[in-house]
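K.L.:
2 protein chains.
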Amino acid sequence: MPPIVAIGPEPEPQIERAVAEGGGEVGPLEHAEALVWLDYRVDSFPDALPDAVRWVQLPSAGVERWLEAGRLEGDRAFTTAVGAYSQPVAEHVVALLLAGVRALPACVRAASWGEPDVGELAGSTVVIVGAGSIGRALIALLAPFDCEIVAVTRRGRPVDGAARTLPADRVAEVWRAGHVVLAAPATAATRHLVDRAALAAMRSDAWLVNVARGALVDTDALVEALAAGEIAGAALDVTDPEPLPDGHALWSEPRALITPHVANPASTELDHLARHVRENVRRYVNGEPLLAQVDTEAGY
Amino acid sequence: MPPIVAIGPEPEPQIERAVAEGGGEVGPLEHAEALVWLDYRVDSFPDALPDAVRWVQLPSAGVERWLEAGRLEGDRAFTTAVGAYSQPVAEHVVALLLAGVRALPACVRAASWGEPDVGELAGSTVVIVGAGSIGRALIALLAPFDCEIVAVTRRGRPVDGAARTLPADRVAEVWRAGHVVLAAPATAATRHLVDRAALAAMRSDAWLVNVARGALVDTDALVEALAAGEIAGAALDVTDPEPLPDGHALWSEPRALITPHVANPASTELDHLARHVRENVRRYVNGEPLLAQVDTEAGY
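Protein sequence lines, in the order shown, are assigned to chains A and B.
When we follow our numbering, the leftmost residue of the first sequence carries the number 10, and every step to the right adds one.
When we follow our numbering, the leftmost residue of the second sequence carries the number 10, and every step to the right adds one.
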């Protein structure tokens, strides 16, 4: 008998197909042992779930707000979408890095033939803070670009494709190495990881790319560093505050490139989530470890 | 005895080192059997060279103006910089493709949080017209991006890494396949290769990228196609006319992304040329075939 998997809050044909392809049977929540939840808003989530629900698949990669709201409790597994969107997010990072190095923002703004300050990504060092699934996908995409990769992970365990890996408590040593990509979860430990000191340590030709969460960067310190030309630029897909309010200094800062949380594009999001759901249903059916299970103690 | 290699019009320490490292000896033109010419301007080139000069290395990849001016004559070898700048130019193509697909021009122009129309490069088809050294370098860079590569070459001989290769006389069949990258030499046969019909055949979500020569595109037809939204956009590192004059329609076209002939960035150009010169001097010294020898009949 295939396990009954509920889908909420609304039916979604592509996810229904994924559940069936993974070996589950779509059914109502009151008969289900698993739930795939498709609404990003914490408030949308049911206050109480039937005890029979052993596993909940959430739609987003970052679940800090769900944890804060105490929604990920009870004796069951919660899985996030970590990994599901790694490929598109990593692609966005390469787009942002190359746009920065190639001076594309200045070119977009130009209304006459000029001499923008164009460099190459080749030959540079890219520091990737957080070598989870996004970091690993990014390393794979950068492989042919002749960059040196420095990874920073919690414990500093070597990461494939990285020339060096440092533990998080030594991150201060790598700010000066080159471009910096933030792909770490938002936790108390990573809040304002990129602060005034980090920005001051960075190279003047380096770009900061953030596709993680806005709070990893001290926005006020960044605004000052950009205005002073301490770094070449910042490409931010996430901001703090987010959405970035109209009139914020970053909107008019030529060294800032803001993309409105689109690293995982809406146009392809469901495709990626469906692939992830299919794989997790298959694992659930086969009693294998689920992808991206929440560690409620670590906070992600 | 190492061959005497002259460098002109001015001495250049980095090129002098490259000549020495390749096994040559830098000396005056009147005693030289080879000349490395560093000035891009055709008019700068000596009217007549000593008969003893058996080989001339030119600084640019495209030499159509040198050929038109009849400067590449006499019983000697002329080599271009084809291949020397392939890596940085290919990197620029990836920057432009990703910028287009990821809607970065719209993001740069935005002054408030919005919903730009962002897509992915993954899953798309990239048509590369001209699979010379730039095209091959581009295929290598795109390898991890999960794109299908379609190559168009003069004779259609299969290209490594391309799913299909078509001969130039069947190029009309591939316009509809996806994004189009122009990396073919400017010849009589490629003039206005991308004309009204080609643009009309292209997909509405496709980007046209030109890093070859402006004349490969019918600019007037492109302006119309962009204004009508027939294609998603055009990222042009080369234009016709070039430089693109102030007030030209492309400067104000939101679907156009113009970079002012910087795919091969000035900041790293001499490094790449020096590497090329060193290898060609080594080949000359050893009697091996030179890289990028001009075929004066084919016109490149």
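Even glycine gets a Cβ: it sits at the ideal position worked out from N, Cα and C.
Let me know the secondary structure DSSP gives A:LEU266 once reduced to three states.
P.N.:
Here A:LEU266 sits in strand by DSSP.
K.L.:
Using a Cβ distance threshold of 8 Å, determine whether the stretch 134-154 of chain A contacts the stretch 278-297 of chain B, with at least three qualifying pairs required.
P.N.:
Contact between the stretch 134-154 of chain A and the stretch 278-297 of chain B is absent, because fewer than three Cβ pairs lie under 8 Å.
K.L.:
Below 8 Å on the Cβ atoms is my contact criterion, and I expect B:ALA301 with B:THR89 to pass it. Report the Cβ-Cβ distance as a whole number of Å.
P.N.:
Yes, they are in contact, since the Cβ atoms of B:ALA301 and B:THR89 sit about 5 Å apart, within 8 Å.
K.L.:
From the DSSP output, which residues share a beta bridge with A:PHE87?
P.N.:
DSSP, once it has assigned bridges, lists A:VAL65 as partnering A:PHE87.
K.L.:
Are the CB atoms of A:LEU225 and A:LEU266 nearer to each other than 7 Å?
P.N.:
No, these two residues do not count as a Cβ contact at 7 Å.
K.L.:
Can you grab the Cα-Cα spacing for the pair A:ALA195 / A:ASP84, in whole Å?
P.N.:
Rounded to whole angstroms, A:ALA195 to A:ASP84 spans 24 Å at the Cα level.
K.L.:
Less than 8 Å between C-beta atoms, sequence neighbours within five positions excluded: which residues of the same chain meet that for A:LEU106?
P.N.:
LEU130, VAL135, HIS188, VAL190, TRP216, VAL218 and ALA244, listed in sequence order.
K.L.:
Our contact map puts B:TRP122 next to A:PRO252 with C-beta atoms below 8 Å; I'd like the distance itself, whole angstroms only.
P.N.:
Yes, B:TRP122 and A:PRO252 are in contact; Cβ-Cβ is about 4 Å, under 8 Å.
K.L.:
When DSSP builds the beta bridges, which residues end up paired with A:GLY17?
P.N.:
Bridge partners of A:GLY17: A:TRP46.
K.L.:
Please decide whether A:ARG163 counts as near chain B, where near means a Cβ-Cβ distance under 7 Å.
P.N.:
No, its Cβ sits nowhere closer than 7 Å to a Cβ of chain B.
K.L.:
Going by DSSP, name the residue or residues bridged to B:ILE158.
P.N.:
B:VAL135.
K.L.:
May I have the straight-line CA-CA distance separating A:ALA234 from A:PRO254, to the nearest angstrom?
P.N.:
The alpha-carbon atoms of A:ALA234 and A:PRO254 are separated by roughly 20 Å.
K.L.:
Can B:LEU44 and B:ALA86 be called in contact, C-beta distance under 7 Å?
P.N.:
Going by C-beta atoms, B:LEU44 is not nearer than 7 Å to B:ALA86.
K.L.:
Can you say whether A:HIS40 is buried or exposed, counting buried as having 16 or more other CB atoms within 10 angstroms of its CB?
P.N.:
Per the 10 Å Cβ criterion, exposed.
K.L.:
Using CA coordinates, which residue listed in A:HIS257, A:PRO176 and A:GLU157 is at the minimum distance from A:GLY165?
P.N.:
Per the Cα distances, A:PRO176.
K.L.:
Just checking: is the beta-carbon of B:ASP255 within a distance shorter than 7 Å of some beta-carbon in chain A?
P.N.:
For B:ASP255, the answer is yes, since a Cβ of chain A falls inside 7 Å of its Cβ.
K.L.:
A:VAL271 and B:PRO125 look like a contact to me (Cβ under 8 Å); what is the Cβ gap, rounded to whole Å?
P.N.:
Yes, they are in contact, since the Cβ atoms of A:VAL271 and B:PRO125 sit about 6 Å apart, within 8 Å.
K.L.:
Given this structure, state the Cα-to-Cα distance separating A:VAL28 from A:LEU150, to the nearest angstrom.
P.N.:
Taking the straight line joining both Cα atoms gives about 30 Å.
K.L.:
How many Å lie between B:MET211 and A:GLU30 at the Cα?
P.N.:
Rounded to whole angstroms, B:MET211 to A:GLU30 spans 35 Å at the Cα level.
K.L.:
Using alpha carbons as the reference points, say which of A:ILE143, A:GLY109, A:VAL303 and A:ALA120 lies closest to A:GLY128.
P.N.:
Checked all of A:ILE143, A:GLY109, A:VAL303 and A:ALA120; the closest Cα to A:GLY128 is A:GLY109.
K.L.:
For B:GLU251, which of helix, strand or coil comes out of DSSP?
P.N.:
Of the three classes helix, strand and coil, the one that applies to B:GLU251 here is coil, per DSSP.
K.L.:
Output yes if chain A places a C-beta closer than 7 Å to the C-beta of B:GLU77; else output no.
P.N.:
Not one chain A Cβ lies under 7 Å of B:GLU77.
K.L.:
Checking 7 Å against the spacing of the C-beta atoms, do B:VAL294 and B:GLY32 come in under that value?
P.N.:
Their beta carbons are under 7 Å apart, which means B:VAL294 touches B:GLY32 by this criterion.
K.L.:
Within its chain, find whatever has a CB closer than 6 Å to the CB of A:ALA160; leave out the 5 residues flanking it on each side and keep chain order.
P.N.:
ILE137, ALA140, VAL168, ALA171 and THR174, listed in sequence order.
K.L.:
Taking C-alpha atoms, which residue in A:VAL232, A:SER142, A:VAL203 and A:GLU297 lies nearest to A:GLU182?
P.N.:
Comparing Cα positions, the closest option is A:VAL203.
K.L.:
What does the alpha-carbon distance come out to for the pair B:VAL51 and B:LEU147?
P.N.:
Going by the C-alpha atoms only, they are around 29 Å apart.
K.L.:
Taking the alpha-carbon positions, what's the B:ARG292 to B:HIS101 distance?
P.N.:
The alpha-carbon atoms of B:ARG292 and B:HIS101 are separated by roughly 29 Å.
K.L.:
Assign A:VAL286 to one of three DSSP states: helix, strand, or coil.
P.N.:
Three-state result, A:VAL286: helix.
K.L.:
Taking the Cβ atom as the reference point for each residue, do A:THR199 and A:ALA206 lie within a distance shorter than 7 Å?
P.N.:
No, Cβ-Cβ distance for A:THR199 and A:ALA206 is not below 7 Å.
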